[in-house]
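Residue numbers (the numbering used here): 1251 to 1543.
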């Protein structure tokens, strides 16, 4: 199928892009890498009168570590392949680097953008889940100025966020972990490159006594949006890591999710079980890495 007709715009600056969004309103949609939006248009699952191509605006691309070494800023139009190869990301944000490897195929990562994937808010997407798991902050610009949005408040449902029609996601800022930390991503898909039926991301920081000082748990492919295991994080924090059973933790995390949906790829029960197994494996791998850090 072919997408419905639209008018193509290619602004040269962020200001021009934001002005177009404000002028055209809900009839316009930003286009970055197009790896998610174009298939939806071609299948006639959505339609827009105007597409605003922001994928080649130089100021929206790039990865940078701040002077204090505490935060990494990833421009919205940064290609996923660039994120994957970035030395800054691999050393300062290993969870993001490991999550990006699972995105589609090389050709998709060469075209797809990190900010576009986060804004697309696919519940089975690795990029939005990594941002949520790492407590990232979204930077969005509109004619009213720039605002920052914690990822915990950003996603509202499948392909849905709190962004206003005249707002453009311009960057994502992710905090850098220090100390004895370990990270892991585990997902189950029927074929390499497919969207995950269920997946989990885990970050764990241990204190000198091998107690959990901090942990973050993200889940994808299981609900209407990327999920966080806030309850499990709270219960694990302060606990000796040897006293935490990974299988019990994985079951507790998925049992706490009430929005798991079944489809032709698996029932609710099946997805919940696969999610628990992925969570258990990710937790074990992250803890193992932290113990040997």
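Glycine is no exception: its CB is placed at the ideal position from the N, C-alpha and C atoms.
Does the Cβ-Cβ distance between residue 1310 and residue 1338 come in under 8 Å?
Not closer than 8 Å, so no.
So is residue 1342 buried or exposed if we call it buried at 16+ other beta carbons inside 10 Å?
buried
Would you decide whether residue 1357 is buried or exposed? Buried here means 16 or more other CB atoms lie within 10 Å of its CB.
exposed
Let me check understanding here. Comparing Cα to Cα, which of 1254, 1295, 1300 lies closest to residue 1271?
Put simply, of 1254, 1295, 1300 the residue whose alpha carbon is nearest the alpha carbon of residue 1271 is 1300.
If residue 1366 sits next to residue 1282, beta carbons under 8 Å apart, how far is it from one beta carbon to the other, in whole angstroms?
3 Å
Run through the stretch 1251–1276 for me and flag every whole beta strand (DSSP E) of 3 or more residues, listed as ranges in chain order.
1257–1259
Inter-stretch contact (C-beta, 8 Å, three-pair minimum) for the stretch 1380–1396 and the stretch 1448–1455
Judged by Cβ distances under 8 Å, the stretch 1380–1396 makes contact with the stretch 1448–1455, as three or more pairs qualify.
How long is the line joining the alpha carbons of residue 1443 and residue 1390, rounded to whole angstroms?
30 Å
Are there 16 or more other CB atoms within 10 angstroms of the CB of residue 1495, so buried, or fewer, so exposed?
exposed
On the criterion of 16 or more Cβ atoms from any shown chain inside 10 Å, does residue 1477 qualify as buried, or is it exposed?
buried
Look at the alpha carbon of residue 1333 and the alpha carbon of residue 1325, and state the distance between them as a whole number of angstroms.
10 Å
Can you tell me where the beta strand (DSSP E) holding residue 1446 begins and where it ends?
Residue 1446 -> no beta strand (DSSP E), and no H or E assigned at all.
By DSSP, does residue 1428 sit in helix, in strand, or in coil?
coil
Should residue 1404 be labelled buried (16 or more other beta-carbon atoms within 10 Å of its own) or exposed?
Counting other Cβ atoms within 10 Å of its Cβ, residue 1404 reaches 16 or more and is therefore classed as buried.
DSSP three-state assignment for residue 1397, whether helix, strand or coil
strand
DSSP three-state call for residue 1479: helix, strand or coil?
coil
By Cβ distance below 6 Å, which residues in the same chain neighbour residue 1200 in space, the five residues on each side in sequence not counted?
The structure shown does not extend to residue 1200, since the chain is modelled only from 1251 through 1543, so no value can be given for it.
Take residue 1504 as the anchor and find which of 1468, 1538, 1515, 1488 has the nearest alpha-carbon.
1468
Does the beta-carbon distance from residue 1437 to residue 1528 come in below 8 Å?
A contact, by the Cβ cut-off of 8 Å.
Proximity to residue 1425 [Cα-Cα], best of 1277, 1345, 1506, 1519:
1345
Residue 1405 lies in the beta strand (DSSP E); which residues open and close that run?
Where residue 1405 is concerned, the enclosing beta strand (DSSP E) starts and stops at 1405–1407.
Could you spell out where the beta strand (DSSP E) holding residue 1390 opens and where it closes?
According to the DSSP assignment, residue 1390 belongs to the beta strand (DSSP E) that extends over 1387–1392.
Neighbour-count burial assignment, residue 1261, 16 or more Cβ in a 10 Å radius
buried
Does the ligand ATP have even one heavy atom less than 7 Å from the beta-carbon of residue 1422?
No copy of the ligand ATP occurs in the structure displayed, which carries no ligand at all.
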